[in-house]
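Using our numbering, the final residue of the sequence shown is 153, and nothing's skipped along the way. Built from N, CA and C at the ideal position, the CB exists for glycine as well.
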Amino acid sequence: MITSQDIFTYDFHLADHVGQAVIDMGETDYENFIKEYTNFPWLDQLEIANRLKNTSATITVQDSLNKTQLWTSIAGNRDNYGYIVGYNFLKTIKGNLFRKERIVKWVIMYATEVKEKILKCYYPFFKRDTTGLIQELEQLYFYGETEAHNQNF
Numbered sequence: 001m002i003t004s005q006d007i008f009t010y011d012f013h014l015a016d017h018v019g020q021a022v023i024d025m026g027e028t029d030y031e032n033f034i035k036e037y038t039n040f041p042w043l044d045q046l047e048i049a050n051r052l053k054n055t056s057a058t059i060t061v062q063d064s065l066n067k068t069q070l071w072t073s074i075a076g077n078r079d080n081y082g083y084i085v086g087y088n089f090l091k092t093i094k095g096n097l098f099r100k101e102r103i104v105k106w107v108i109m110y111a112t113e114v115k116e117k118i119l120k121c122y123y124p125f126f127k128r129d130t131t132g133l134i135q136e137l138e139q140l141y142f143y144g145e146t147e148a149h150n151q152n153f
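What follows is the structure, encoded as structure tokens:
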């Protein structure tokens with residue numbers, strides 16, 4: 001039985017002049033998400049972002065059950081561009097003498113010029129196969145990791 005929290009949702013963060021044009025697309029499944037992802041106007045959005053000197057377009061899918069997110073952004077220009085894919089998850093940060101142990105939203109990021117490699121990451125994400133997702137992500141160039149700016153899921 002699927003509960004109200006056992007869903008995947010997604011949104012588009014468009015390249016606009018204030019950097020806040022987020023379109024909540026609602027619930028999805030793997031097949032519909034991949035169709036939307038593939039049809040997204042990545043290069044048009046990249047040109048808008050470059051013209052306005054603003055944030056790049058991003059597509060984010062959220063797993064409400066596991067409180068994880070997988071997102072893709074584009075960077076560069078129409079002739080030379082690449083993608084950054086990020087995986088947001090809850091991570092326990094060990095405490096020390098001055099600070100208690102805490103749980104934060106953490107992001108690991110990878111980069112590639114090949115969109116198909118990123119598409120392979122979404123299958124294990126939708127299957128809730130964290131090991132498989134990490135294996136796919138590790139096929140990409142490691143870009144970095146940090147505590148996420150937005151701690152909300």
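Would you list the residues sitting across from serine 64 in a DSSP beta bridge? Beta-bridge pairing links serine 64 to no other residue.
In terms of residue numbering, what span does the beta strand (DSSP E) encompassing leucine 14 cover? 8 to 14
Contiguous beta strand (DSSP E) assignments of at least 3 residues, all confined to the region 50 to 126: 58 to 63, 68 to 77, 80 to 93, 102 to 112
In whole angstroms, what is the alpha-carbon distance linking threonine 58 and lysine 91? Whole-angstrom Cα-Cα distance: 23 Å.
Glutamine 5 versus Phe125, Lys67, Ile48, Ala148, residue with shortest Cα-Cα distance: It is Lys67.
Assuming the contact rule is C-beta atoms closer than 8 Å, phenylalanine 40 and valine 61 should be a hit. Round their C-beta distance to whole Å, please. Taking a contact as a CB-CB distance under 8 Å, the pair phenylalanine 40 and valine 61 does not count as one, their CB atoms being some 12 Å apart.
Going by beta-carbon coordinates alone, are alanine 111 and asparagine 54 separated by less than 8 Å? no
Excluding sequence positions up to five away, which residues of its chain have a Cβ less than 7 Å from the Cβ of methionine 1? A caution first: methionine 1 carries a pLDDT of 39, below 50, which makes its placement in the model unreliable, though a value can still be read off. There are no such residues.
Can you look up phenylalanine 33 in the DSSP assignment and give me helix, strand or coil? Phenylalanine 33: helix per DSSP, three-state reduction.
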